[in-house]
Amino acid sequence: MKGFLISPDHDNRCASVQSVDVLVDEDGDIVLTFAYKLLGCDLIQILDVDQPAPLGGHSVVLDEEGCLKPARGYLLIAQLHPLPLAGKLLLVGPCSSDGRLSDVQVGEEVVRGLAADAWCDPRKAYLLTKQHEDWIEATYPHVIVVRTSESIAANIPRD
Numbered sequence: 183m184k185g186f187l188i189s190p191d192h193d194n195r196c197a198s199v200q201s202v203d204v205l206v207d208e209d210g211d212i213v214l215t216f217a218y219k220l221l222g223c224d225l226i227q228i229l230d231v232d233q234p235a236p237l238g239g240h241s242v243v244l245d246e247e248g249c250l251k252p253a254r255g256y257l258l259i260a261q262l263h264p265l266p267l268a269g270k271l272l273l274v275g276p277c278s279s280d281g282r283l284s285d286v287q288v289g290e291e292v293v294r295g296l297a298a299d300a301w302c303d304p305r306k307a308y309l310l311t312k313q314h315e316d317w318i319e320a321t322y323p324h325v326i327v328v329r330t331s332e333s334i335a336a337n338i339p340r341d
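Each residue of the sequence shown is one higher than the one before, counting from 183 in our numbering.
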């Protein structure tokens, strides 16, 4: 299956995009050991992209604990997810009605264009995430909010 690996380039404050062949099993699920090695993590999460075209319906595989780990920067691609994400991202195609992931449905030039300004510094990541957490608490007062923003705040350089 074809996908795109989007990686943060902290030194150049940008994101790089690489076409990858995603290893899937006979049921059409991503082979976990492959995903762990590719993303450099121990737990993955799959997010469905709810945004409009061109990526609506696609899925993003990411490090589930990424925002809880020390990071020099984050990736913010609104067409994938409204909040900053940490670590590498694997963009794959939509799930079919039988639950099988499919090839990514957009070209590399589209993904490169979306990722061109994706790098997000820790200060901005903190503010966006905290604003979202505050909104959740105000809107749903009985919900327990895990404050990812506090982990991000620990990565803000002290100038």
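The beta-carbon is built from N, C-alpha and C at its ideal position, and this holds for glycine as well.
Residue of the options minimising C-alpha distance to residue i
i, options, result
"Val202", "Asp193, Leu220, Ala260 and Asp224", "Leu220"
"Val292", "Lys270, Asp245, Leu262 and Glu247", "Leu262"
"Asn194", "Val288, Asp245, Glu290 and Gly255", "Gly255"
Residue i and residue j closer than 8 Å at C-beta
i, j, result
"Ile188", "Val199", "yes"
"Ala297", "Ala197", "yes"
"Leu205", "Val242", "no"
"Leu257", "Cys302", "yes"
"Leu265", "His314", "yes"
"Val328", "Phe186", "no"
"Arg352", "Ile338", "Only positions 183 to 341 of the chain appear in the structure, and residue 352 is not among them; the question remains open."
Alpha-carbon spacing of residue i relative to residue j, whole angstroms
i, j, result
"Pro190", "Pro234", "24 Å"
"Gln227", "Ile318", "21 Å"
"His192", "Thr215", "26 Å"
"Thr330", "Leu267", "11 Å"
"Met183", "Ala300", "25 Å"
"Asp209", "Ala217", "16 Å"
"Lys270", "Ala320", "31 Å"
"Asp316", "Glu247", "20 Å"
"Ser333", "Leu310", "13 Å"
"Asp230", "Asp207", "20 Å"
"His240", "Arg340", "38 Å"
Any non-hydrogen atom of the ligand ADP closer than 7 Å to residue i Cβ
i, result
"Val328", "You won't find the ligand ADP in this model; it holds no ligand whatsoever."
Cross-strand partners of residue i (DSSP beta bridge)
i, result
"Tyr218", "In the DSSP output, where bridge partners are listed per residue, Tyr218 has none listed."
"Ala297", "None; Ala297 has no bridge partner."
"Ser198", "Ser189"
Problem set entry | Segment contact, 8 Å Cβ cut-off, at least three pairs: the region 245 to 257 with the region 280 to 291 | Short answer: they don't touch.
For this session: Spell out a yes or no on whether the region 314 to 325 and the region 270 to 277 are touching, meaning 3 or more CB-CB pairs, one atom from each, closer than 8 Å.
Result: Short answer: they don't touch.
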